[in-house]
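Enquirer:
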Amino acid sequence: MKHWLYLAVLTCLTHTVWAKNDPDSVYLFSYATEKNNHHNGLHFAWSRDQEQWHPIGNEWGYLKSDYGRWGAEKRMFAPYLISGPDGNWHCVWGLNDKEHVFAHAASPDLIHWKRQSYPVMQAGSNVLQPVSWYDAAQQQYNIIYTTSDNKYYQTTTKDFTTYSPAAEVPASAYRHHTISVNLPSGKTSGQLHRVPWKVADQLIKTYEGKLYKMEQYSESTARDSARFAGISNLKATITIQPELAKPISDLLFGVFFEDINYAADGGLYAELIQNRDFEYALSDKEGRDQQWTHTHSWQLRGTQSTFTVDTTAPLHGNNRHYAVLDTKEPGAILSNTGFDGISVSKGEKYQFSLFSKGKGKLQVRLVGQDNAVLAQTTLSLNTPDWRQYKATLTAGSTTANAHLELLPLTKGGLDLDLISLFPAKTFRNRPNGLRPDLAQTIADIHPRFIRFPGGCVAHGDGLGNMYRWKNTLGPLETRKPQRNLWGYHQSAGLGYFEYFQYCEDIGAEPLPVVPAGVPCQNSGVGGGGQQGGIPMTEMDDYVQEVLDLVEYANGNVSTTWGKKRAAAGHPAPFHLKYIGIGNEDLITDVFEERFTMIYKAMQAKHPEITVIGTVGPFYEGTDYEEGWALAEKLKVPMVDEHYYETSGWFINNQDFYDKYDRSRSKVYLGEYAAHLPGAKVNLETALSEAIYLTGVERNGDIVSMTSYAPLLAKEGHTQWNPDLIYFNNTDIKLTTGYQVQKLFGNNAGNEYLPNTISLSTNKKTLNKRIAVSVVRDSKTKDVIIKLVNISPFSIPSTIDLGALNIAGKTGVMTTLQGDPSSRDAKPVSTNITVASTFNTGLPAYSFSIIRIKTM
10 MKHWLYLAVL TCLTHTVWAK NDPDSVYLFS YATEKNNHHN GLHFAWSRDQ
60 EQWHPIGNEW GYLKSDYGRW GAEKRMFAPY LISGPDGNWH CVWGLNDKEH
110 VFAHAASPDL IHWKRQSYPV MQAGSNVLQP VSWYDAAQQQ YNIIYTTSDN
160 KYYQTTTKDF TTYSPAAEVP ASAYRHHTIS VNLPSGKTSG QLHRVPWKVA
210 DQLIKTYEGK LYKMEQYSES TARDSARFAG ISNLKATITI QPELAKPISD
260 LLFGVFFEDI NYAADGGLYA ELIQNRDFEY ALSDKEGRDQ QWTHTHSWQL
310 RGTQSTFTVD TTAPLHGNNR HYAVLDTKEP GAILSNTGFD GISVSKGEKY
360 QFSLFSKGKG KLQVRLVGQD NAVLAQTTLS LNTPDWRQYK ATLTAGSTTA
410 NAHLELLPLT KGGLDLDLIS LFPAKTFRNR PNGLRPDLAQ TIADIHPRFI
460 RFPGGCVAHG DGLGNMYRWK NTLGPLETRK PQRNLWGYHQ SAGLGYFEYF
510 QYCEDIGAEP LPVVPAGVPC QNSGVGGGGQ QGGIPMTEMD DYVQEVLDLV
560 EYANGNVSTT WGKKRAAAGH PAPFHLKYIG IGNEDLITDV FEERFTMIYK
610 AMQAKHPEIT VIGTVGPFYE GTDYEEGWAL AEKLKVPMVD EHYYETSGWF
660 INNQDFYDKY DRSRSKVYLG EYAAHLPGAK VNLETALSEA IYLTGVERNG
710 DIVSMTSYAP LLAKEGHTQW NPDLIYFNNT DIKLTTGYQV QKLFGNNAGN
760 EYLPNTISLS TNKKTLNKRI AVSVVRDSKT KDVIIKLVNI SPFSIPSTID
810 LGALNIAGKT GVMTTLQGDP SSRDAKPVST NITVASTFNT GLPAYSFSII
860 RIKTM
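At position 605 of the sequence shown the residue is numbered 614 (the working numbering), and the sequence of numbers has no breaks.
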C-alpha cells in the first residue's frame, strides 16, 4: 500500500509539472504484435516527434478480439484504425487465415469500445489484412482485404452494419497508411494519427487506473502480518437501526446447475451405466480421444462371440446406435465399468433394464473385486421387435468398483440398447431419479431457486448444439442425446421434467435458461461460430418453442404441452415464474435482433413471467455496457450478471451495488466465485464471498437472486475450477464456499435492517475486512445478524439491540473460522441468550451468524 501511496503522490506532482508543459498534440501509433499468438489486442504508443516513442501501458490491450473460442481464437491480426467523420474511431482486423470474416469495432475515445461485428464476405478464399478509409464523396467507408492467393476484394458500408457484396479489385486499389516505427521492443507496423494530447493522456491514465486496481485486487491474507503491523486493542460497536428497515428479495440465494465436470451423467443423475445407449461418438470430444467411440465403457471378453454397433433398425430415430451380440458358443462376457466403477451397497436393490430384440437367454450380474458375483439374474429374451425387459438385483456386499456383466447363455444374435442400472433408492424415490446424497447436499443449501441447464451448455457449441428442451422429454429411448460443449456426452436422462420435479421436491423456484437464438460466445463450430444466429426465417418457430416451455410448465392438461406434462406423471402445473433468455452472449446486432423478438413475444403472451436478460461474462466491458443499454431500451425486468474474480476483488467491491440505479432492471448475479492464484479455494476465498454477500444483502432491493458457479465437480473429470461441491462415486467433499452458501441459504430474510459499525481504528485496510448484515424473516420474526472478520485479530464487539426490544430472547450463534488456508473448516453452533447490549467476539478469520428467536 505504501508503494501505491507513493505512486499516487508522484503521479500528482508529475501531473502538475506536465500540466504546464503538455503539448497541444502528439503522434499516436496504433499497432498489434504477434506475441501470445496474436491474443494481446490493440496497443498504442505516443511521440512528440516520431523519433522517440513511448509505449502506453507496456503493450496494454485496449481492444481485444471476441471472435471464436478462447485459446484457439479471439486473435487480432493487423488491426487497421481510422478516425471517422461520425466522431468515432473505427478499427477493422483479421481474425484468422481460414474464414471469410473480418472484425469491426468503434469507440469514441479508444477506451470504451462498442459492440463488435463480424461481417461475412462471400468473395475470395479467405479474409486477410482488411484496411478501411472514408470516401467523403460517396459518404461511405471502403474496406479492402486480401486473400491467401494474393487477390484483393472491396466492400463498402455506410454504417458498419450493412455491406455491399465484395467485388474483386486490382492490387493498386489496396490503399493503406500502415507505417513502421522503431519502438523500444523493436520495429513494428501500424497506423499513425495526430491527436490532442488529452487523447494519449486518457489512455495513460486508464492504464494506470487498471494497474492500481490489479494491485488492489491481488490483496490476500498472506501479507496480513505486515499489512496490519502495529494494530492492537481493537474493539467494535455495532448498532442496529430497525426504524430504517427496507424490504429485500426473498429469493436472494439459489443454485445454478450446469452439466459441467460430469455434474449430470456420472453425477447427480443416478444412472450407473456409462454409454448405456451406445451413442458416444468421436465428435463428442472433437476427435481428441480415439477411444471415445460407440463402444466406450463396454468390453467383450472371451471367444465365440462378437460385439458390434449397428444402426440398421434402431430402437428410435433419436438413438440410432445399438449393440449386436452374436454368439456361436456361450462363454463370452459383455461388461460395462460404469463411471469410474459402479458403487453398490450390501442389501440395496438396483433396477436393471434393457431393450432387446432376438431370442435367447441372457445372464445379468454385478461383479466385484476378484470376480466375486454380487448379484445376478437371468432374462429370457424372445421377440422379433424391440421390447423392454426389467429385473431387480440385490447386492450381496459393498464395493465402489463393481461392474456389470451380460452373459449370453444361448447361441444366436441379440440386439441390445438402453442398458440401464439405477439404485432403487433415488432422491424421493423418483423413477429415473437423482443420486440421493448429492441431491440432498444441494437441498441442504435451502436454495430459493435453481437455474438450469446453463451456462454455456444452454446455448451450445454452434446452432446444432443448442440445448433444445423438447429433446429432453418423454421416454428415455425417445430423448435426443448430444455432445456436451464441455467435452463429453449428454444422455438427456436428466431433462426438463426431472429438473422441474426436483425444484418442486425441494421447494425451489425453477429458473430455466433458453438460448437467445445464438450459440455460445465460445463456439467453434462453423468457424468462430458465435457470430451466427438461428436464421430469421426460422425464428418464428423458435419463439414458439420458448412459449411452449411455459405451457409445458404451467398449462392446464387440456393444452398440448400441459397434456404432455400430465402424461409424464405430473398433471398439476410447476408454477414457472422466471425464464432466462441468453447466457453471457456477445451483445451483437445478431443477438439483439433475436433477443428482442423472443422478449417481445414473451411479454405479449406471458406478461406474468419475469424475463431475465444477459449482460455478458464480466462486471465491466463492452458486453456489460451494451447488455445494460439493451435492457434499458427494452425495459427488461432483470438482467443476469457474471464474474469470477480474486478474493481481493470481492473484498474491495463490497459497495458494487450501492451505486446501482433503483429505477433500472433488477439484478440476478447468476455466476460468481472467488479464487486465489491457480484457481485455489479455501477459507480465505469463502470469507471473501461471505463479506461480499453482506453487501448483496444490503442491496437486496436491487439484487434479486444470486448463485455460485459451478455447483458440482466429479473428481478426475473437472473442466473448471473452483467448484462448490466435489464428489466421487461414494464420497461428497464440501468446500468452505459450500459452508458459506449453506449458512446464507439457511439464514436468509426478506427485510434488511441497516446498521452502523464503529471500529477503534480508522485504518481503511482493516475497516474493509469487517462487515455486518442484519436481516429479519417476516414469517418467523427471527432477527439474523451476520458478522464477517477477515483479519488476524479477534475483536471484542458490542451489539446494540436496544431498538429491537428482544432482551432475554434466545438464539443460536454459528461460526465458521480457522486458518485462511484451511480447506475443510466447518461451522460450529452454540445456544445463546441476548441482552439489549450484547457482547460477543469476532474471531479472527471468521464468519458468524447470530439467529435470534423473537417470538
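In this text, a Cβ means the ideal position worked out from N, Cα and C, and glycines have one as well.
In this text the structure is predicted, and so the values were computed from the model without any measurement.
Quick check on DSSP: helix, strand or coil for F753?
Expert: helix
Enquirer: Only counting runs of 3 or more residues, tell me where the beta strand (DSSP E) segments fall wholly within the stretch 763-802, in order along the chain.
Expert: 764-768, 779-785, 792-798
Enquirer: Per DSSP, which one or two residues make a beta bridge with A54?
Expert: F38, P64
Enquirer: Which residue marks the beginning of the alpha helix (DSSP H) containing V522, and which one marks its end?
Expert: Counting along the chain, V522 falls outside any alpha helix (DSSP H), though it belongs to the beta strand (DSSP E) covering 518-523.
Enquirer: Measure the C-alpha to C-alpha separation of G133 and A517 and round it to an integer number of angstroms.
Expert: G133 and A517 have their C-alpha atoms roughly 54 Å apart.
Enquirer: May I have the straight-line CA-CA distance separating S831 from S314, to the nearest angstrom?
Expert: 54 Å
Enquirer: Give the single residue among K368, E43, E288, L762 whose Cα lies nearest to the Cα of D809.
Expert: L762
Enquirer: For R603, name the three-state secondary structure that DSSP assigns.
Expert: The three-state secondary structure of R603, taken from DSSP, is helix.
Enquirer: How about T823 and S857: do their beta carbons lie closer than 9 Å?
Expert: Yes.
Enquirer: Check L733 in the structure and name its three-state DSSP category.
Expert: Here L733 carries a coil assignment [DSSP, helix/strand/coil].
Enquirer: Just how far apart, CA to CA, sit D924 and V705?
Expert: Since the displayed the chain opens at 10 and closes at 864, residue 924 lies outside it and no answer follows.
Enquirer: Do L494 and D470 have their CB atoms nearer than 9 Å?
Expert: yes
Enquirer: Taking just the CA atoms, how far does T715 sit from K773?
Expert: Our two residues, K773 and T715, have alpha carbons roughly 28 Å apart in a direct line.
Enquirer: Compare the beta carbon distance of S352 and A273 with 9 Å and say whether it is the shorter of the two.
Expert: no
Enquirer: Which value, in whole angstroms, describes the spacing of the CA atoms of N67 and A54?
Expert: The straight-line gap from Cα to Cα measures roughly 9 Å.
Enquirer: Using the beta-carbon count (16 or more within 10 Å), is E560 buried or exposed?
Expert: buried
Enquirer: Nearest to I428 by CA position, among L413, F436, T164, is which residue?
Expert: L413
Enquirer: Rounded to the nearest angstrom, what separates A682 and Y747 at their Cα positions?
Expert: 11 Å
Enquirer: Quick one: what's got a C-beta closer than 7 Å to Q378's C-beta in the same chain, skipping five residues either side?
Expert: T408, N410
Enquirer: Using CA atoms only, rank isn't needed, just tell me which of G350, G657, I153, D649 is closest to E280.
Expert: G350
Enquirer: How should P393 be labelled, buried or exposed, when 16 other C-beta atoms within 10 angstroms of its C-beta is the threshold for buried?
Expert: exposed
Enquirer: Apart from the five residues just before and just after E338, which ones in its own chain have a Cβ nearer than 6 Å to its Cβ?
Expert: Q313
Enquirer: State whether the stretch 624-641 contacts the stretch 165-185, with contact taken as three or more CB pairs (one from each stretch) at a distance under 8 Å.
Expert: When C-beta atoms of the stretch 624-641 are compared with those of the stretch 165-185, fewer than three pairs fall below 8 Å, so the two segments do not count as touching.
Enquirer: By the DSSP assignment, the beta strand (DSSP E) with S806 in it spans what residues?
Expert: 804-809
Enquirer: Around the Cβ of D233, are there at least 16 other Cβ atoms within 10 angstroms (buried) or fewer (exposed)?
Expert: buried
Enquirer: So, at 6 Å on beta carbons, what are the nonlocal neighbours of T20 in its own chain, with the 5 sequence-adjacent residues on each side left out?
Expert: Summary for T20: the model assigns pLDDT 47, below 50, so the residue's position carries little reliability, and this model does not support an answer.
Enquirer: Quick check on this structure: which residue in D514, F736, N531 has the alpha carbon closest to the alpha carbon of A579?
Expert: The identity of residue 579 in the sequence shown is His, whereas the question assumes Ala. Cα-wise, what sits closest to H579 is D514.
Enquirer: Enumerate in chain order the residues of its own chain whose CB-to-CB distance from T403 is below 8 Å, with the five nearest sequence positions on each side excluded.
Expert: G356, E357, K358, Y359, A384
Enquirer: Taking Cβ positions, are W98 and P117 nearer each other than 9 Å?
Expert: yes
Enquirer: In the structure shown, what three-state DSSP assignment does T20 receive?
Expert: The predicted position of T20 is uncertain, since its pLDDT is 47 and thus under 50; a value taken from the coordinates is nonetheless stated next. Here T20 sits in helix by DSSP.
Enquirer: Quick one: is R396 buried, meaning 16 or more other Cβ sit within 10 Å of its Cβ, or exposed?
Expert: exposed
Enquirer: In chain order, what residues of the same chain have a beta carbon less than 7 Å from the beta carbon of A114, not counting five sequence neighbours either side?
Expert: L72, C100, W122, K123, Q125
Enquirer: From H303, T321, F431, V466, pick the residue whose C-alpha is nearest to that of F361; which is it?
Expert: Ranking H303, T321, F431, V466 by Cα distance to F361 puts F431 first.
Enquirer: Have a look at M864 and V843 and give me their C-alpha separation to the nearest angstrom.
Expert: 14 Å
Enquirer: Taking the straight line between their C-alpha atoms, what separation do you get for H12 and Q225?
Expert: With a pLDDT of only 43 at H12, under 50, the local geometry of the prediction cannot be trusted, and the value read off the model is given with reservation. Each residue's alpha carbon lies about 12 Å from the other.
Enquirer: I need the DSSP call for W98, collapsed to helix, strand or coil.
Expert: strand
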